[in-house]
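Novice: The sequence shown begins at 1 in the UniProt record's numbering and counts up one residue at a time. Where is the CB? At the ideal position from N, CA and C, for every residue including glycine. Since this is a predicted model, take the numbers as computed values, not measurements. Dropping a structure here in C-alpha cells format, bear with me for questions.
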Amino acid sequence: MRMLFIRPGIIFHTETKPSPVFALCKHLSSFSDNGENRERPKSFEGNRQVVNEICSVLESGPWGPSSENALSALNLNPQPELIIGVLRRLRDVNRAVEYFRWYERRTEQAHCPESYNSLLSVMARCGNFDALEQILGEMSVAGFGPSVNTCIEMVLSCVKANKLREGFDVVQMMRKFKFRPAFSAYTTLIGAFSAVNQSDMMLTLFQQMQELGYEPTVFLFTTLIRGFAKEGRVDSALSLLDEMKSSSLDADIVLYNVCIDCFGKVGKVDMAWKFFHEMEANGLKPDEVTYTSMIGVLCKANRLDEAVEMFEHLEKNRRVPCSYAYNTMIMGYGSAGKFEEAYSLLERQRAKGSIPSVIAYNCILTSLRRMGKVDEALRVFEEMRKDAAPNL
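This is the structure:
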C-alpha cells in the first residue's frame, strides 16, 4: 500500500495496482529524458457545457458551503479532464485552490500531473504564487514536477509584470524540491536581469544552469558579457569570454559588436580595437554596426582622426550610405567643436539621399548658435522640419 500526502492533514491510500484514474493520468502525461514532464498538445476541454456550469458556480459569489452544495448538486463523475478544463478558465487563484481541494475531497482521488500544472498556470496568470511552495511540495511527494511549459509560463509572467525577484524565487523554489527549471526559464530571467543591469543575479542563474548540466550558447554568453561590460566590470566580462572560448564556442559578429561597443563605452578603446582586428583575423567581415560602434567609441575618446579614417573606409565600400554612421560622425565632430566639418558632413549626407537624424540636426543647430549664425540656424531648422519632426 502506498501513502500519498495531498495536503496537510489529508493522506490518500492507494493500492499498488494503479487505479483507472491514475492509469489515465499516466497516459495523459509524458516525461522527457531528463525527468521533466512535458505537456502534450492534446486539449483537455472536457465537456464544455459542464465546465461552463462549474465556472458559473465558482464565479457566482464567495466560496463557502453554498458553493460546495451547488457543485455537489451537479452530480458529476470524477474526470481529470473536467478539473483541467475548469482550471484553464479560472482567473482567481484562491478560487482555483478552493475548487482544487474540493475536488480532492469529493472524489477521494489524487490529482494527476496535468491538474497540478493547470493550477500552477492559474498562479502564473494571476501573478500570485503564495501557494507555490505547498503545491510543489505535493508534486514532489507524488513523484512528478512542473512541465517545461508551465515552468516557462510562471517565470515569463513575472518578467512581464517586472517582478524579476519573484521570478528568481520561483526558480529557487523549484530547485528546493529538486525540480529542474527549464532552460528557457533561465535564459528569460537572465535577459531580464541584463536589461536592468543586475549582473550578479545573471551570474547566479548562469552558474545554476551549469550545475544542472545545461550547455550555454553563444547568445547566452553575449547577454552575460554585455551585462558585465555595461557596468564596467571588465575583468568579469573577459573571464566569461575566456570561458566561452574554452567551451569550444566561436564568437559570432554579434558578440564582437557587443564587445566593441560595451568595452569602448567604458573607455577601453584599445580593447575595442583588439576585438575589431580579432574578428577580421577569424574571418568575420565587419558590418555597419561594427564600423559605427568603432566610430562612436573613437569619437568619445577624442581620437577623431581614427574615427574619420574608419568612416571614410566604410563609406568607400558602400553603395548606399549608412545613416547611422553619418549621424554618429556628425555628433563626433560636434562634440569636438568641429562645427564646419559637422555641417559639411550633414550636407554630404543629404546630398546622397540619406536623412539625418534629429540628434544630428540638433548638433548642427547647437554649433551654429555658438557661432552666432542665427539665420543659418533657422534655415537648417526648416530643413529639419522637412526631413524629421523636431523633438520638442
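(1) Let me know if LEU74 comes out buried or exposed under the rule of 16 or more other beta-carbons within 10 Å of its beta-carbon.
(2) In this structure, how does DSSP classify ASP130 when only helix, strand and coil are distinguished?
(3) Short check: CB of ALA333 to CB of SER354, under 8 Å?
(4) Work out the CA separation of MET173 and PRO80 for me, nearest whole Å.
(5) How about LEU238 and PHE221: are their beta carbons less than 8 Å apart?
(6) Do you know how far the Cα of ILE364 is from the Cα of LYS230?
(7) Output the distance between the C-alpha atoms of SER72 and GLY85, rounded to the nearest integer angstrom.
(8) If you count every other CB in all the chains shown that lies within 10 Å of the CB of PHE193, and 16 or more means buried, which is it?
(9) How about SER236 and GLY264: are their beta carbons less than 8 Å apart?
(10) Mind checking whether ALA96 and LEU119 have CB atoms under 8 Å apart?
(11) If contact is defined by three or more beta carbon pairs under 8 Å, each pair taking one atom from either stretch, is the region 150-164 in contact with the region 106-113?
(12) So what's THR292 in DSSP terms, helix, strand or just coil?
(13) Which runs of the alpha helix (DSSP H) at least 4 residues long sit entirely within the region 140-196? Give them in chain order.
(14) My output table needs one value for MET123: the three-state DSSP class, helix, strand or coil.
(15) Rounded to the nearest angstrom, what separates THR216 and ILE83 at their Cα positions?
(16) Determine the extent of the alpha helix (DSSP H) in which ASN69 is found, giving its start and end residues.
(17) Can you list, in chain order, the residues of its chain with a C-beta nearer than 6 Å to that of ALA301? Leave out the 5 residues immediately preceding and following it.
(18) Cα separation between ASP305 and PHE381?
(19) Looking at the unbroken alpha helix (DSSP H) that takes in THR204, where does it start and where does it end?
(20) Can the beta-carbon of GLU278 be found less than 8 Å from the beta-carbon of PRO286?
(21) Please confirm whether VAL93 and MET123 have their CB atoms less than 8 Å apart.
(22) Have a look at LEU368, ARG370, PRO78 and flag the residue whose alpha-carbon is nearest the alpha-carbon of ARG105.
(23) Give the single residue among LEU76, LEU87, ASN47 whose Cα lies nearest to the Cα of LEU58.
(24) Measure the Cβ-Cβ separation of LEU189 and VAL171 and say whether it is below 8 Å.
(25) Could you have a look at LEU58 and say whether DSSP puts it in helix, strand or coil?
(26) According to DSSP, is SER247 part of a helix, a strand, or is it coil?
(27) With 16 other CB atoms within 10 Å as the buried threshold, where does GLN349 fall?
(28) With distance defined between alpha-carbon atoms, name the residue in GLU341, SER199, CYS262 nearest to ILE330.
(29) What does the Cβ neighbour count give for SER115, buried or exposed, with the cut at 16 atoms within 10 Å?
(30) In chain order, what residues of the same chain lie with their CB nearer than 6 Å to the CB of TYR103, ignoring the 5 residues before and after it?
(31) Please go through the same chain and pick out, in chain order, the residues whose beta-carbon is closer than 7 Å to the beta-carbon of ALA377, but skip the five residues on each side of it.
(32) According to the neighbour-count rule (16 or more other Cβ atoms, all chains shown, within 10 Å of its Cβ), is MET272 buried or exposed?
(33) In chain order, which alpha helix (DSSP H) runs of at least 4 residues are fully inside the UniProt repeat "PPR" (252-286)?
(34) Any Cβ of chain B within less than 8 Å of the Cβ of MET384?
(35) Might you give, ordered along the chain, the residues of its own chain that have their beta carbon closer than 6 Å to the beta carbon of GLY227, omitting 5 neighbours on each side?
Specialist: Looking at the coordinates:
(1) Position 74 of the sequence shown holds residue 74. Exposed.
(2) If you number the sequence shown from 1, residue 130 lands on position 130. Three-state result, ASP130: coil.
(3) Locating residue 333 in the sequence shown gives position 333, counting from the first residue. Locating residue 354 in the sequence shown gives position 354, counting from the first residue. Looking at the sequence itself, residue 333 is Tyr, so the reference to Ala does not match. Result no, Cβ atoms of TYR333 and SER354 do not sit closer than 8 Å.
(4) Position 80 of the sequence shown holds residue 80. Position 173 of the sequence shown holds residue 173. Distance between the alpha carbons of PRO80 and MET173: 26 Å.
(5) Here residue 238 is taken as the residue at index 238 of the sequence shown, counted from 1. Here residue 221 is taken as the residue at index 221 of the sequence shown, counted from 1. In this structure, PHE221 does not lie closer than 8 Å to LEU238 by Cβ.
(6) The residue you call residue 230 lines up with position 230 of the sequence shown. The residue you call residue 364 lines up with position 364 of the sequence shown. When rounded, the distance between both Cα atoms is 29 Å.
(7) The residue given as residue 72 occupies position 72 in the sequence shown. The residue given as residue 85 occupies position 85 in the sequence shown. Answer to the nearest angstrom: the Cα atoms are 18 Å apart.
(8) Looking up residue 193 in the sequence shown gives position 193. The residue is buried, with at least 16 neighbouring Cβ atoms inside 10 Å.
(9) Locating residue 236 in the sequence shown gives position 236, where the first residue counts as 1. Locating residue 264 in the sequence shown gives position 264, where the first residue counts as 1. No. Outside cutoff.
(10) Translated into positions along the sequence shown, residue 96 becomes position 96. Translated into positions along the sequence shown, residue 119 becomes position 119. For ALA96 and LEU119, yes; Cβs fall inside 8 Å.
(11) no
(12) Here residue 292 refers to the residue found at position 292 of the sequence shown. Three-state result, THR292: helix.
(13) 148-160, 164-176, 183-195
(14) Position 123 of the sequence shown, counted from the first residue, corresponds to residue 123. If DSSP states are grouped into helix, strand and coil, MET123 belongs with the helices.
(15) As a first step, residue 216 is located in the sequence shown; it is residue number 216 there, counting from the start. As a first step, residue 83 is located in the sequence shown; it is residue number 83 there, counting from the start. Just to set this straight, residue 216 is Pro in the shown sequence, not Thr. Spanning the two alpha carbons is a distance of roughly 38 Å.
(16) Numbered from 1 along the sequence shown, position 69 holds the residue referred to as residue 69. Taken as a continuous stretch (DSSP letters only), the alpha helix (DSSP H) holding ASN69 covers 65-73.
(17) As a working note, residue 301 is residue 301 in the sequence shown. Cβ neighbours of ALA301 beyond the five flanking positions: VAL269.
(18) Residue mapping note: residue 305 aligns to position 305 of the sequence shown, counting from 1. Residue mapping note: residue 381 aligns to position 381 of the sequence shown, counting from 1. So the two alpha carbons sit approximately 29 Å from each other.
(19) Counted from its first residue, the sequence shown places residue 204 at position 204. 199-211 is the extent of the alpha helix (DSSP H) around THR204.
(20) The count along the sequence shown starts at 1 and reaches residue 278 at position 278. The count along the sequence shown starts at 1 and reaches residue 286 at position 286. No. Outside cutoff.
(21) Taking the sequence shown and counting its residues from 1, one reaches residue 93 at position 93. Taking the sequence shown and counting its residues from 1, one reaches residue 123 at position 123. Yes.
(22) The residue given as residue 105 occupies position 105 in the sequence shown. Considering only alpha carbons, the answer is PRO78.
(23) As a working mapping, residue 58 is identified with position 58 in the sequence shown. For the residues LEU76, LEU87, ASN47, the minimum Cα distance to LEU58 belongs to LEU87.
(24) By 1-based counting over the sequence shown, the position of residue 189 is 189. By 1-based counting over the sequence shown, the position of residue 171 is 171. Yes.
(25) As a working note, residue 58 is residue 58 in the sequence shown. The answer is helix: DSSP assigns LEU58 an H, G or I state.
(26) As a working note, residue 247 is residue 247 in the sequence shown. Here SER247 sits in coil by DSSP.
(27) Counting from 1 along the sequence shown, the entry for residue 349 is found at position 349. GLN349 is buried by the Cβ-count criterion.
(28) Position 330 of the sequence shown holds residue 330. Nearest option by C-alpha distance: GLU341.
(29) As a position in the sequence shown, residue 115 is number 115, starting the count at 1. Buried, by the Cβ-count rule.
(30) Here the question's residue 103 lines up with position 103 in the sequence shown. Excluding residues within five positions, the ones whose Cβ falls inside 6 Å are ILE83.
(31) Taking the sequence shown and counting its residues from 1, the one referred to as residue 377 is at position 377. So the qualifying residues of the chain are LEU365, LEU368, ARG369.
(32) By 1-based counting over the sequence shown, the position of residue 272 is 272. In the sequence on display, residue 272 carries Ala and not Met. Classification of ALA272: buried, given that the 10 Å Cβ count is 16 or more.
(33) 253-265, 269-281
(34) In summary, chain B is missing from the structure at hand, where a single protein chain is found.
(35) Looking up residue 227 in the sequence shown gives position 227. Once the five neighbours on either side are set aside, the close Cβ partners of GLY227 are SER194, SER199, MET202.
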